[in-house]
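What follows is a set of notes on a single structure, which appears directly below.
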Amino acid sequence: FKVGFLSLMYGGSDEMVKKISGLTSESISTIKEKIKIEDFKNRLKNSIDDDNILLNYYGRPIIANSNMINYFIQSSSADFYCLAFNKLLNERKDIALHACIHDAILCSIDKKNIDSLKNIKFLDDGMTNLKLPVNIEIY
């Protein structure tokens, strides 16, 4: 069900959702109504400019296509993480960034400060009220 629901949220076709989740067409329609997916899709369509560009949640331009919901969510999520990581690194001068990998960063920190990383449970972007959980792995 979870995979089917996520596929639905990301703009997957009803046939794809049925295939991967086992949901009936009736159930899919009910879910779409409850989460107002068509309203969201229409709001995105209505925001497309003359150059076929729409803006993600943070105002970054995206080229509109048939899978606008997916692009909107993916690009907005990527921007959230970039902003959240940037905020963390600005607040924690003891953490040195080495690489970014989509929704992860590789960093180093002095051994004496490693325990302080255990206190970081959530990251936020400093713009929204979203706080997303993080998993910190020490190597």
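Here our numbering is used: the first residue of the sequence shown is 1, the next is one more, and so on. The C-beta atom is built at its ideal place from N, Cα and C for all residues, glycine as well.
DSSP three-state assignment for residue i, whether helix, strand or coil
{"i": "Lys131", "result": "strand"}
{"i": "Phe85", "result": "helix"}
{"i": "Ile163", "result": "Past the boundaries of the shown model lies residue 163; the chain is included only from 1 to 139, so the question cannot be answered."}
{"i": "Ser29", "result": "helix"}
{"i": "Phe122", "result": "strand"}
{"i": "Ile138", "result": "coil"}
{"i": "Ser77", "result": "helix"}
{"i": "Ile48", "result": "coil"}
Cβ-Cβ distance between residue i and residue j below 8 Å
{"i": "Ile73", "j": "Pro61", "result": "no"}
{"i": "Leu44", "j": "Met68", "result": "yes"}
{"i": "Ile120", "j": "Ile138", "result": "no"}
{"i": "Leu123", "j": "Ala64", "result": "no"}
Bounding residues of the alpha helix (DSSP H) (the contiguous stretch that carries residue i)
{"i": "Ile20", "result": "14-21"}
{"i": "Gly4", "result": "2-9"}
Near the ligand NAD: residue i beta-carbon under 7 Å from a heavy atom
{"i": "Pro133", "result": "With respect to the ligand NAD, the structure shown offers nothing to examine, as it has no ligands at all."}
Bridge partners - residue i, DSSP secondary structure assignment
{"i": "Ser108", "result": "Ala96"}
{"i": "Ile101", "result": "Ala104"}
{"i": "Ile63", "result": "Ile53"}
- Task: Kindly confirm or deny that the segment 75-86 and the segment 96-109 touch, where touching means at least three C-beta pairs closer than 8 Å.
- Result: yes
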